[in-house]
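Chemist:
Protein chains in written order, with our numbering: chain A, 33 to 290; chain B, 3 to 79.
1) Might you give, ordered along the chain, the residues of its own chain that have their beta carbon closer than 8 Å to the beta carbon of residue 224(A), omitting 5 neighbours on each side?
2) Give me, in chain order, the residues of the same chain whose beta-carbon lies closer than 8 Å to that of residue 201(A); leave out the 5 immediate sequence neighbours on both sides.
3) Chain A partners of residue 64(B), CB-CB under 7 Å?
4) Whole-angstrom Cβ separation of residue 148(A) and residue 168(A), contact assumed at under 8 Å?
5) Measuring only between beta-carbons, confirm whether residue 170(A) sits less than 9 Å from chain B.
6) Between residue 268(A) and residue 162(A), which are expected to be in contact by the criterion C-beta below 8 Å, what is the C-beta distance as a whole number of angstroms?
7) Between the Cα of residue 95(A) and the Cα atoms of 204(A), 71(A), 66(A), 132(A), which residue gives the shortest distance?
8) Going along the chain, which residues of its own chain have a beta-carbon closer than 6 Å to the beta-carbon of residue 251(A), five neighbours each way excluded?
9) Is the separation between the beta-carbon of residue 199(A) and that of residue 172(A) shorter than 9 Å?
10) Can you check which of these residues, 206(A), 211(A), 270(A), 82(A), is closest to residue 129(A) by C-alpha distance?
11) Just to confirm the assignment: which complete alpha helix (DSSP H) runs, minimum length 4, are found wholly within the segment 216-287 of chain A?
12) Measuring straight from C-alpha to C-alpha, what distance separates residue 218(A) and residue 289(A)?
13) Tell me, to the nearest whole angstrom, how far the beta carbon of residue 64(A) is from that of residue 146(A); I am working on the premise that it is less than 8 Å.
14) Do you know how far the Cα of residue 90(A) is from the Cα of residue 58(A)?
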């Protein structure tokens, strides 16, 4: 008989201790004083995501839809526990955006120890000039890399995973995601666990399925004041053309210290 | 009897201010330096004696760096 380690704790970082599933690397709980989690279940989601600028009491999300076709942001039934939130562009040749975020209510603080994590799937990897991004961003601007500040996993017109950062000050950059000693990651169409870790706020870690995909100290991060505070960003975007993109997010959780 | 000839001192001051403002307005502010752009991922590049493609690019404190392979150092451009 073998024993499978199902759950382990990561080391405490100044009072924040968190537990993860050892099989999938998915974070399952934390002891952080600030916590947000959404599995996209329940009537609030199935009733439809409110439009940007018109948030609904008790519901954190809004959607930004650009395009006449139109693109969509909507809940779908999950095949496993929980629901899905899908962002989808259409093939119509036009500028399009399908984004999900907190209506510019910035709450997640990357200057205080914590992390944000998504279980997400590229249903349709971006084609043409389309982009898909999940991560953290500042107030809405059309196009994920046009945001004033961000920490993002981003696919740029193909399934090659990149990481992107901009702290609103002296630091910005992009990096092809790759494990230590490995090669660039060509993301397949399955669900994966994407984690942005600021357990050391001066050394942002990007992780996929429990493996770090940026070298230690490769992301310089020194936001000043409230520049380090963000909202979640899930987006499919294209400035023009017929490109396609569909992102499916099964869950997000984020926490940080006070 | 008041003197109603010559230039009113108040008007003279106003005209002088107008001249100063006109001169100041004529001075063209220097255009801000264009922000350096980051090399795009995948672009061919020759940097620090090495040739390769851009695996990562970043800006730190106004300086541009690139890296050519996973885990490699950032090289100044």
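We put the CB at the ideal spot given by N, CA and C, even for glycine.
Modeler: The answer reads as follows:
1) So the list reads 151, 152, 153, 240, 241, once near-sequence residues are dropped.
2) Once the five neighbours on either side are set aside, the close Cβ partners of residue 201(A) are 254, 255, 256, 259.
3) Within chain A, the residues near residue 64(B) are 202.
4) Right, the Cβ-Cβ distance comes to about 6 Å (below 8 Å), so this counts as a contact.
5) By this cut-off, residue 170(A) is not an interface position.
6) The Cβ separation is near 7 Å, so the contact holds.
7) Here the closest residue by C-alpha is 132(A).
8) By the criterion of a C-beta distance shorter than 6 Å, residue 251(A) is surrounded in its chain by 197, 236, once the five residues flanking it on both sides are discounted.
9) Residue 172(A) sits away from residue 199(A), with the two beta carbons spaced by 9 Å or more.
10) With distances taken between Cα atoms, residue 129(A) lies closest to 270(A).
11) With a minimum length of 4 residues, there is no unbroken run of alpha helix (DSSP H) contained wholly in the segment 216-287 of chain A.
12) Rounded to whole angstroms, residue 218(A) to residue 289(A) spans 33 Å at the Cα level.
13) Residue 64(A) to residue 146(A), Cβ: 6 Å. Contact.
14) For residue 58(A) and residue 90(A), the distance between alpha carbons rounds to 27 Å.
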